[in-house]
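Participant: The sequence shown lines up with residues 22 to 310 when you count with this note's numbering.
Even for Gly, the Cβ is constructed at its ideal location relative to N, Cα and C.
Have a look at this one.
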Amino acid sequence: MWYCRHEIQLPQPLFFSAASITGAFSGLIASSIAKMDGAADLEGWRWIFLLEGIATVVVAVIAFFVLHDFPETATFLTEEERAFVVFRLKYQGQVQAKEQTRTQVAQAEEFGVDIVCPLYGISLFLPTIIRNLGYSSSKAQLMTVPIYITAAILAVFFAYRSDRLGKRSPFVVFFLLMMIVGFSMCIHVESASVYAGVAACAIYPAFPGVIASASNFYRLKDAPGYILGHALELAFIGAGVVAAVVLIAAYAAINQKRDRAMQEGERDRYTAKELSAKGDRAVTFRYMY
22 MWYCRHEIQL
32 PQPLFFSAAS
42 ITGAFSGLIA
52 SSIAKMDGAA
62 DLEGWRWIFL
72 LEGIATVVVA
82 VIAFFVLHDF
92 PETATFLTEE
102 ERAFVVFRLK
112 YQGQVQAKEQ
122 TRTQVAQAEE
132 FGVDIVCPLY
142 GISLFLPTII
152 RNLGYSSSKA
162 QLMTVPIYIT
172 AAILAVFFAY
182 RSDRLGKRSP
192 FVVFFLLMMI
202 VGFSMCIHVE
212 SASVYAGVAA
222 CAIYPAFPGV
232 IASASNFYRL
242 KDAPGYILGH
252 ALELAFIGAG
262 VVAAVVLIAA
272 YAAINQKRDR
282 AMQEGERDRY
292 TAKELSAKGD
302 RAVTFRYMY
């Protein structure tokens, strides 16, 4: 709605890296708030939920008023700027379609779930996993910081490279395979290997009901190895690799079909306005993968 196809990936990690960096500093903040244990007859973890929850609500209320959904309604842009943004998107086939019933959508949803589920599974339970390696709660919170910072930096860097090269799938598949390596290391219960494996799992530029499902992966009775949780994450990542390959094959086939159609002169059958109205179904549209 705001960015062209060749520049769409970089804003994504900037958004998700904010969450990653927040995760890093939340570890620092949580370790400090936890020291309030007993204040007002509340446990430390309750204070963490209260204070961080209040901050989230405040930001959400502000965002409701300052964020704009579409370029056409963005009041911070001039009339000329709004027209320019709409124009550059329109002639890339990125106007809103009336129907969304394509099989690619279902494939992309499966792909997204296979990435997000392992991401939230490891993120939600990262301090618990580290604590069960024998570290104190405060130290476990602090040890999540370098993992999140590394994830944020790599997410932005590789998204920038992806936009510059115009390639998506090589980076996605590479990081999915990296996640497989990380979770495989986590299944090994030796402390050093687990922490290194967690670092590998945190490399989630392959991104950003799923959270609810992931929250049941890491059960207390499976500590300290959490073999079941890591194995389930591996299964989702493996499914993500399969979904990525299916999407790549589908996009390649569609692009080749449209190349042949262009050679046969199908482009001449439509006006520029008609092609724009077709969006990503236009014969001139090519998927980036």
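1) Rounded to whole angstroms, what's the CA-CA distance from R189 to I174? Just pull it up for me.
2) In whole angstroms, give me the CA-to-CA distance for A256 and E100.
3) Measure how close the beta-carbons of W23 and V87 come, nearest whole angstrom, since I'm counting them as under 8 Å.
4) Report the residue from S297, E73, F46, F196 whose alpha carbon sits nearest the alpha carbon of V166.
5) Let's test the definition: count the other Cβ atoms within 10 Å of the Cβ of T122 and tell me whether it reaches 16, buried, or not, exposed.
6) By DSSP, does D58 sit in helix, in strand, or in coil?
7) Pick from V266, A172, V202: whose alpha carbon is nearest that of P191?
8) DSSP state of G65, grouped into three classes?
9) Let's see if you can read the secondary structure: which residues bound the alpha helix (DSSP H) around L175?
10) The alpha helix (DSSP H) spanning A95 covers which residue range?
11) Assuming contact is defined by CB atoms lying nearer than 8 Å, are Y181 and L31 in contact in what I supplied?
12) Exposed or buried, what is A51 when buried is set at 16 or more other beta-carbons lying within 10 Å of its beta-carbon?
13) Taking the CB atoms as reference points, tell me whether R290 and R307 lie closer together than 8 Å.
14) By Cβ distance below 8 Å, which residues in the same chain neighbour I75 in space, the five residues on each side in sequence not counted?
15) Are the CB atoms of L35 and V202 within a distance shorter than 8 Å?
16) Is A180 a contact residue of the ligand FAD, with contact defined as CB to any heavy atom under 7 Å?
17) Can you tell me whether E315 is buried or exposed, with buried defined as 16 or more other CB within 10 angstroms of its CB?
18) Could you give the residue range of the alpha helix (DSSP H) that holds G259?
19) My assumption, with CB atoms under 8 Å, is that A55 sits in contact with I69. Please give the rounded CB distance.
20) Cβ of S183 less than 8 Å from any chain D Cβ?
Facilitator: The structure says:
1) 18 Å
2) 50 Å
3) Between V87 and W23 the Cβ distance is about 15 Å, and since that is not below 8 Å, they are no contact.
4) F46
5) Low per-residue confidence applies at T122: pLDDT is 45, beneath 50, and the placement is therefore not dependable enough to give any value.
6) coil
7) V266
8) helix
9) 166-186
10) No alpha helix (DSSP H) holds A95; DSSP gives it neither H nor E.
11) yes
12) buried
13) no
14) none
15) no
16) Of ligands this structure carries none, so the ligand FAD is not represented either.
17) Given that the chain is displayed from residue 22 to residue 310, the structure contains no residue 315 and the question cannot be resolved.
18) 248-284
19) 7 Å
20) The structure shown has no chain D; it contains just one protein chain.
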